[in-house]
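Colleague: Dumping the structure here so I can ask a few things about it.
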Amino acid sequence: MTDLEFDRFDRALPLILAHEGGYVNDPADPGGATNKGITQNTYTAWLRMRDRPSRDVRAISDAEVAAIYREQYWNVVQADRLPVGLAYCVFDAAVNSGPARAARWLQEALGFKGREVDGVIGEVTLSAANASRSSEALIRGFCDRRMAFLRRLKHWPRFGRGWTRRVGEVRAQAVAWASIGEQAVIKPQRQAPANESAKGIGEERVTASITDALQNPAALTGAGSVLAGVATAAQGDGPVQFAFAAVLVIVAIGAMVYLLRRARA
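Written as structure tokens, this is what we have:
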């Protein structure tokens, strides 16, 4: 890990956490109990992958929070290899709406078309992002696409104000870092009321994390990562949740077979 990579992540994470807030268990959020942006299901799956007993997300440590954000978001979108400012912008969007979706917004902002927009930040996307003449224009184009997506969500009437505030602050900070340098830090506004929450919504996160695990090679660490996504999705109650988990088991088995075949090729 380079000093620059650590510095970027170390500077970006407190801003992410300021938007995500502390412990929340909002009945309107299908993701359930959340602490510092980490859902109970995500925390449980992360602990199980390390053969550790599950525990209440309210007891999550700062080190565990940082590890989850780095492993599941920062590293997946290759933020350490993106231009200054844009890295934070993409990182925050990945946390809020999933790494694959953030990757697609970046690719669209870069002018990619059709199959070029694959939701994976690889060498082609990195090369195009670093060759861009204007990081500020790229940041604005990215944020415009992000806002367009958020406005279409069914939760917009309840959480729209918070999302708008969050994206606006992220845009301003990203542009400041791109134009002034990484010393410029714009403090997020005070913690918003529950009805103006800027945190990610659970149903977006659960489906996004599983989709990313299946589509994005950087999000996979063997077949276990796929099963971790299934475990996360299966934590809820109710027939819809169980049916969803059953479908995911089938998908996971197929993904495991694919991974094994690719490893042998």
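Just so we're aligned, residue 94 is where the sequence shown starts under my numbering, counting upward by one.
The C-beta atom is built at its ideal place from N, Cα and C for all residues, glycine as well.
If you check the beta carbons only, do V268 and R239 fall under 8 angstroms apart?
Modeller: Along the sequence shown, one-based indexing puts residue 268 at 175. Along the sequence shown, one-based indexing puts residue 239 at 146. It is not a contact, given that the beta carbons lie outside the stated cut-off.
Colleague: Less than 8 angstroms between C-beta atoms, sequence neighbours within five positions excluded: which residues of the same chain meet that for A336?
Modeller: Looking up residue 336 in the sequence shown gives position 243. Bear in mind that the predicted position of A336 carries a pLDDT of just 44, short of 50, making it unreliable; the figure below should be weighed with that in mind. Around A336: no qualifying Cβ.
Colleague: Taking A271 and V158 to be in contact with their CB atoms under 8 angstroms, please state how far apart those CB atoms are, rounded to whole angstroms.
Modeller: Numbered from 1 along the sequence shown, position 178 holds the residue referred to as residue 271. Numbered from 1 along the sequence shown, position 65 holds the residue referred to as residue 158. That pair is no contact at about 26 angstroms.
Colleague: Report back the beta-carbon spacing between C182 and I214 to the nearest angstrom; my notes put them in contact at under 8 angstroms.
Modeller: Here residue 182 refers to the residue found at position 89 when the sequence shown is read from its first residue. Here residue 214 refers to the residue found at position 121 when the sequence shown is read from its first residue. Actually they are not in contact, since the Cβ atoms of C182 and I214 sit about 13 angstroms apart, beyond 8 angstroms.
Colleague: Which residues in the same chain have their Cβ closer than 7 angstroms to the Cβ of W198, if we skip the five residues on either side of it in sequence?
Modeller: Counted from its first residue, the sequence shown places residue 198 at position 105. Result list for W198: A186, F235, R238, R239, in chain order.
Colleague: How far does the alpha helix (DSSP H) with A156 in it reach, from first residue to last?
Modeller: Sequence index remark: in the sequence shown, residue 156 carries index 63 (1-based). Note, A156: alpha helix (DSSP H), 155–162.
Colleague: For V217, which of F205, R226, S228 has the nearest alpha-carbon?
Modeller: One-based indexing of the sequence shown puts residue 217 at position 124. Measuring from the Cα of V217, the nearest candidate turns out to be F205.
Colleague: Just the Cα atoms here: how many angstroms apart are V170 and W249?
Modeller: Taking the sequence shown and counting its residues from 1, the one referred to as residue 170 is at position 77. Taking the sequence shown and counting its residues from 1, the one referred to as residue 249 is at position 156. One C-alpha to the other measures close to 25 angstroms.
Colleague: Please report how far the alpha carbon of V210 lies from the alpha carbon of A193, in whole angstroms.
Modeller: For this step, residue 210 is matched to residue 117 along the sequence shown. For this step, residue 193 is matched to residue 100 along the sequence shown. Using only the alpha carbons, I get a separation of about 10 angstroms.
Colleague: Mark Y162 as exposed unless 16 or more other C-beta atoms lie within 10 angstroms of its C-beta, in which case mark it buried.
Modeller: Start at 1 with the first residue of the sequence shown, and residue 162 comes out as number 69. Looking at its Cβ environment, which holds 16 or more other Cβ atoms inside 10 Å, Y162 is buried.
Colleague: Using the C-alpha atoms, what's the distance from Y136 back to R143?
Modeller: If you number the sequence shown from 1, residue 143 lands on position 50. If you number the sequence shown from 1, residue 136 lands on position 43. Going from the Cα of R143 to the Cα of Y136 covers about 11 angstroms.
Colleague: Count the other CB atoms, across all protein chains shown, that sit within 10 Å of the CB of A224; report buried if there are 16 or more and exposed otherwise.
Modeller: Position 131 of the sequence shown, counting from 1, holds the residue named residue 224. With fewer than 16 other Cβ atoms within 10 Å, it is exposed.
Colleague: Below 6 angstroms CB to CB, which residues in the same chain sit around A105 once its five sequence neighbours on both sides are set aside?
Modeller: Here the question's residue 105 lines up with position 12 in the sequence shown. Closer than 6 angstroms at the Cβ level, and outside the excluded window around A105, lie Y181, F184.
Colleague: Would you decide whether I273 is buried or exposed? Buried here means 16 or more other CB atoms lie within 10 Å of its CB.
Modeller: Numbered from its first residue, the sequence shown carries residue 273 at position 180. With fewer than 16 Cβ atoms within 10 Å of its Cβ, I273 is classed as exposed.
Colleague: Between D103 and R244, what straight-line distance do the alpha-carbon atoms span, to the nearest angstrom?
Modeller: Taking the sequence shown and counting its residues from 1, one reaches residue 103 at position 10. Taking the sequence shown and counting its residues from 1, one reaches residue 244 at position 151. Those two C-alpha atoms are separated by around 30 angstroms.
Colleague: Let's test the definition: count the other Cβ atoms within 10 Å of the Cβ of S220 and tell me whether it reaches 16, buried, or not, exposed.
Modeller: Here residue 220 corresponds to residue number 127 of the sequence shown, with the count starting at 1. S220 is exposed by the Cβ-count criterion.
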